[in-house]
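Student: Below you'll find the structure I mean.
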Amino acid sequence: MKNIISLISKGKDSKVTIGKGELLSLKKDNLEYIHQKGNKGWRNSDDEMFPVIGPTSKNNFRVHTNKGDTVLDQHGLLRELEYILISSDENSVKFIKKYKKNTKIKNSKFPEKSSEKHLFWPFDFTFEKNFTLSNDILTIDFIIHSEKGMPFMLGYHPAFLLSNTGKETFVSNDKSFNLEEIKKVGSNAFPILNSDKIILKNIDKKDLEITTKGFDNFMLWTEVNNMVCIEPITQYTSYTDQKFSEDNMHLSKGKNSFSVAIKIL
């Protein structure tokens, strides 16, 4: 697979760079909006959380399903799989990950951050991640094919570049939040529930509007002033006991679609 793919908007003023399915850069008028790998804050620029969100360690890394208990680490196992390129053109690109039920996947957190060497999930699934760029909007579509009734959670985990002043603010549901409030919440991440839109009020460039379909919630996380993760999520798991089951997860319809649009205002 081609390691780096660039998308150019029809107006030629926006550019997206993608590496192995990961959003590495979003530029408009040559200004960067995505946190850069290697900078302080977080080691990635985007990622996904599936089929669970949040830590599973308090429940001994076990998740209950109607097909028995399974072993998953924090945020599931999707990020341990590699994307396969389906197709690309100047304005769009499509990727897919495929998983065969009960296949043991090496856990990259073992042994430093986890006691579990391998992870597995008792359901087949395919997970598509598709990028489409227009002049001012980057749309990321997620399409999940699986057995009907499969329990799951989904979170998208992009990181945005900030000015390093600590003065950025966020607006959702007619309420405003600042970076210090987000940092104080710590590893639980700052919840914004029952919302499909949030605006990042930038200091050194244009504002960003992030709208979603299918997620219905956000959580915000950072420990630094130079970046923030604005994460669309189906569930906010810091309110649960981490004993994941069908009771606090979505149930698959066989095909489930979700969407995130990042608009430069």
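Take 2 as the starting number for the sequence shown in the numbering used here and just add one per residue. By construction, the Cβ of each residue, glycine as well, lies at the ideal position given by its N, Cα and C atoms.
Kindly indicate which residue of 71, 169, 84 has the alpha-carbon position closest to the one of residue 206.
Tutor: Of the candidates 71, 169, 84, the one whose C-alpha sits nearest the C-alpha of residue 206 is 169.
Student: Distance, Cα to Cα, residue 67 vs residue 247?
Tutor: Those two C-alpha atoms are separated by around 8 Å.
Student: Applying the criterion that 16 or more other CB atoms from any shown protein chain within 10 Å of the CB defines a buried residue, is residue 187 buried or exposed?
Tutor: Classification for residue 187: exposed.
Student: Please report how far the alpha carbon of residue 177 lies from the alpha carbon of residue 211, in whole angstroms.
Tutor: Their Cα atoms are separated by approximately 15 Å.
Student: Once the 5 residues before and after residue 106 are set aside, which same chain residues still bring their CB inside 6 Å of it?
Tutor: Excluding residues within five positions, the ones whose Cβ falls inside 6 Å are 78, 81, 120.
Student: Express the C-alpha separation of residue 75 and residue 108 in angstroms, rounding to a whole number.
Tutor: If I take the Cα positions, the gap works out to 10 Å.
Student: Where do the ends of the alpha helix (DSSP H) carrying residue 183 lie?
Tutor: Taken as a continuous stretch (DSSP letters only), the alpha helix (DSSP H) holding residue 183 covers 180-186.
Student: How would you write the range of the beta strand (DSSP E) that residue 56 sits in, first residue to last?
Tutor: Taken as a continuous stretch (DSSP letters only), residue 56 belongs to no beta strand (DSSP E), as it is neither H nor E.
Student: If you follow the beta strand (DSSP E) that residue 204 is part of, which residue opens it and which one closes it?
Tutor: Where residue 204 is concerned, there is no enclosing beta strand (DSSP E), given that its DSSP letter is neither H nor E.
Student: Do residue 7 and residue 23 have their C-beta atoms closer together than 8 Å?
Tutor: Not a contact, by the Cβ cut-off of 8 Å.
Student: Count the other C-beta atoms from every protein chain shown that fall within 10 angstroms of the C-beta of residue 175, then say buried if there are 16 or more, exposed otherwise.
Tutor: Exposed.
Student: Give the single residue among 251, 17, 43, 72 whose Cα lies nearest to the Cα of residue 116.
Tutor: Looking at the Cα atoms, 72 is the closest of the given residues.
Student: Can you find the residues in the same chain that come closer than 7 Å, C-beta to C-beta, to residue 101, ignoring five residues on each side of it along the sequence?
Tutor: The residues are 125.
Student: Expressed to the nearest angstrom, what Euclidean distance is found between the alpha-carbon atoms of residue 159 and residue 87?
Tutor: Rounded to whole angstroms, residue 159 to residue 87 spans 22 Å at the Cα level.
Student: Assuming contact is defined by CB atoms lying nearer than 8 Å, are residue 228 and residue 171 in contact in what I supplied?
Tutor: Contact flag unset, no.
Student: Is the beta carbon of residue 209 sitting closer than 8 Å to the one on residue 263?
Tutor: Cβ atoms of residue 209 and residue 263: closer than 8 Å.
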